[in-house]
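Quick notes on the structure that follows.
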Amino acid sequence: NEMVEKVMAEMKTRGKITLAEVRDLFQTSRKYAQAFLEHLDQRKITRRVGDERVPYR
């Protein structure tokens, strides 16, 4: 999935990503960015650490 690849590329560069960064990356609302990140958490692609997401592994 292109969206997952974009998020993973950002995390590879920075080591983490925030909800606001995902919102801006996809030019979407906070509501949809949060739902997308929660989906990635459930699929064990990312995990939440405080207000940030990091790669699951």
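Numbering (the numbering used here), first residue to last: 420 to 476.
Beta carbons are placed, not taken as given, at the ideal position from N, Cα and C, and that holds for glycine.
Please name the residue or residues paired with residue i in a DSSP beta bridge.
{"i": "residue 436", "result": "472"}
{"i": "residue 466", "result": "473"}
Do you know how far the Cα of residue j is from the Cα of residue i?
{"i": "residue 456", "j": "residue 465", "result": "8 Å"}
{"i": "residue 446", "j": "residue 454", "result": "14 Å"}
{"i": "residue 423", "j": "residue 452", "result": "12 Å"}
{"i": "residue 463", "j": "residue 475", "result": "6 Å"}
{"i": "residue 430", "j": "residue 458", "result": "16 Å"}
{"i": "residue 428", "j": "residue 434", "result": "9 Å"}
{"i": "residue 420", "j": "residue 444", "result": "15 Å"}
{"i": "residue 460", "j": "residue 467", "result": "7 Å"}
Leaving out five residues on either side along the sequence, give the residues of the same chain with a beta carbon under 7 Å from the beta carbon of residue i.
{"i": "residue 449", "result": "438, 442"}
Here's a check: name, in chain order, each residue in its chain whose Cβ is nearer than 8 Å to the Cβ of residue i, leaving out the five neighbours to either side.
{"i": "residue 425", "result": "444, 445"}
> Counting pairs of Cβ atoms below 8 Å between the segment 460–471 and the segment 432–451, do you hit three or more?
Replying inline: yes
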